[in-house]
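Have a look at the structure below before the remarks.
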C-alpha cells in the first residue's frame with residue numbers, strides 16, 4: 001500500500017462523515033476495531049458501539065470534517081496516520097468549528113484496509129509551553 005492509498009482510506013472516511021447515514025463510515029472499521037471519539041467519553045470496541053457513536057454524530061446538521069494535516073507511517077500489513085482535522089456543524093443556527101487531532105491505525109485484512117484503531121480528541125484551548133532542558 002502506498003502513502004497515497006493510505007490517505008485515500010482516510011479521504012473515504014472524511015467523505016462518509018458527511019453522508020446522511022452512518023452505514024458507510026462504519027464499514028471502514030474492522031469488526032474488532034476501537035474508536036475513542038472526539039465527542040464521547042466511552043471506549044467503543046464493537047461494531048454496535050461504533051455505530052451508536054456515528055448515529056449520534058449524524059444527527060448534527062451541516063456536518064463536515066476538514067483534514068488539515070496528515071502524517072503517514074507505512075508497515076507491511078499496517079499503517080499509522082496522525083494529524084489534525086477540524087469538525088464543522090450547525091447548532092441552533094450557529095456554526096461550530098472544533099479543531100481536533102487524530103490517530104488512525106489501519107490493518108490489511110482479507111476485505112481490504114480497515115480502521116483497527118481510531119483516537120480523536122479536541123485540541124486544548126489552554127495549553128502550557130513545554131521546553132526541553134538543554
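Residue numbers (our numbering): 1 to 134.
The beta-carbon is built from N, C-alpha and C at its ideal position, and this holds for glycine as well.
Taking the beta carbon of residue 10 as the centre, do at least 16 other beta carbons fall within 10 Å, making it buried, or is it exposed? The residue is buried, with at least 16 neighbouring Cβ atoms inside 10 Å.
Boundaries of the alpha helix (DSSP H) in which residue 63 is found, first to last residue: Careful: residue 63 lies outside any alpha helix (DSSP H), inside the beta strand (DSSP E) at 61-74.
Thinking C-beta only, is residue 55 closer than 8 Å to residue 22? Closer than 8 Å, so yes.
I'd like to know whether the C-beta atoms of residue 16 and residue 6 end up nearer to each other than 8 Å. The answer is no: Cβ separation not under 8 Å.
Below 8 Å between beta carbons: does that hold for residue 114 and residue 53? Cβ atoms of residue 114 and residue 53: not closer than 8 Å.
Beta-bridge pairing of residue 95 - partner residues as DSSP gives them: Among the bridge pairs identified by DSSP, residue 95 is matched with 90.
What three-state label does DSSP hand residue 43 in the structure shown? In the three-state scheme derived from DSSP, where H, G and I count as helix and E and B as strand, residue 43 is classed as coil.
So, are the CB atoms of residue 81 and residue 100 less than 8 Å apart? Against a cut-off of 8 Å, the Cβ pair of residue 100 and residue 81 comes out as no contact.
Can you give me the start and stop residues for the alpha helix (DSSP H) that residue 32 sits inside? For residue 32, no alpha helix (DSSP H) segment is defined; the enclosing uninterrupted segment is the beta strand (DSSP E) at 29-36.
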